[in-house]
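Quick note, the sequences are listed as chains A and B, same order.
Once you know that position 43 of the first sequence is 49 in my numbering, the rest is easy, because the numbers rise by one and skip nothing.
Once you know that position 31 of the second sequence is 348 in my numbering, the rest is easy, because the numbers rise by one and skip nothing.
Think of the CB as a built atom: it goes at the ideal place given N, C-alpha and C, for glycine as much as any other residue.
Keep in mind the model is a prediction, meaning the values are calculated, not measured.
Some notes on the structure that comes next.
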Amino acid sequence: NAGVTQTPKFRILKIGQSMTLQCAQDMNHNYMYWYRQDPGMGLKLIYYSVGAGITDKGEVPNGYNVSRSTTEDFPLRLELAAPSQTSVYFCASSPPGGGQETQYFGPGTRLLVL
Amino acid sequence: LAKTTQPISMDSYEGQEVNITCSHNNIATNDYITWYQQFPSQGPRFIIQGYKTKVTNEVASLFIPADRKSSTLSLPRVSLSDTAVYYCLVGSTGANNLFFGTGTRLTVIP
């Protein structure tokens, strides 16, 4: 199993550009999550999904969109990049049960918006 | 929202036992307590989870008092490779109540 994979590893965007951060898991997990982690800070939940076709907002959803068309994939879309979105983005997945289940994290995508 | 409070940092010498306490005063009946470890430039990874009393695995122990308003992660005989940030997470079924907090940066000194 590859676990949770994320692409790209690193990206530089100009203000106003858009991009999609890719996330895939091969563990057949229902739950998937997107977090952002600013330097020296903890993780903040952006969006999550409890299954294909179902997504919901987390703590900091503004400026982001997600979709979940398959169990395996959970892309995160930034439409108009802003410097405040400079961060490391982590995708995670877990079996059904949400917060009482172990989350498995990807290696992260480092995003710099200039 | 069951937010958590942890010490920002801790130092320990190699071979010592380290105890990291997390406060979660607003924990709900259905919430579990989970601890994660994060090395630089990596995603967090699961260490241990519990609901009440004591849980032990090959890596750590987790102590939860009866009122569940706090929990203590215990790492026996730490080594240099245990230098990392440790997060306490409280959550239950569903995901809109997940809160990682800023974590505790543990530095193990030779």
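In the three-state reduction of the DSSP assignment, S90 (chain A) falls in the helix class, which pools H, G and I. Look at the stretch 318-400 of chain B and you find no whole run of alpha helix (DSSP H) that is 4 residues long or longer. Under the DSSP assignment, Q109 (chain A) falls outside any beta strand (DSSP E); it carries neither an H nor an E label. Looking at the DSSP output, K63 (chain A) sits in a beta bridge with A:Y53. P81 (chain A) has a beta carbon lying at 8 angstroms or more from every beta carbon in chain B.
If you draw a straight line from the Cα of I21 (chain A) to the Cα of Q43 (chain A), it is about 19 angstroms long. At a Cβ-Cβ threshold of 8 angstroms, L49 (chain A) and F417 (chain B) count as neighbours. Residue contact with chain B for P113 (chain A): present (Cβ-Cβ distance below 8 angstroms to some residue of chain B). A check of alpha carbon separations from G59 (chain A) across A:E78, A:I52 and A:V66 identifies A:E78 as the nearest.
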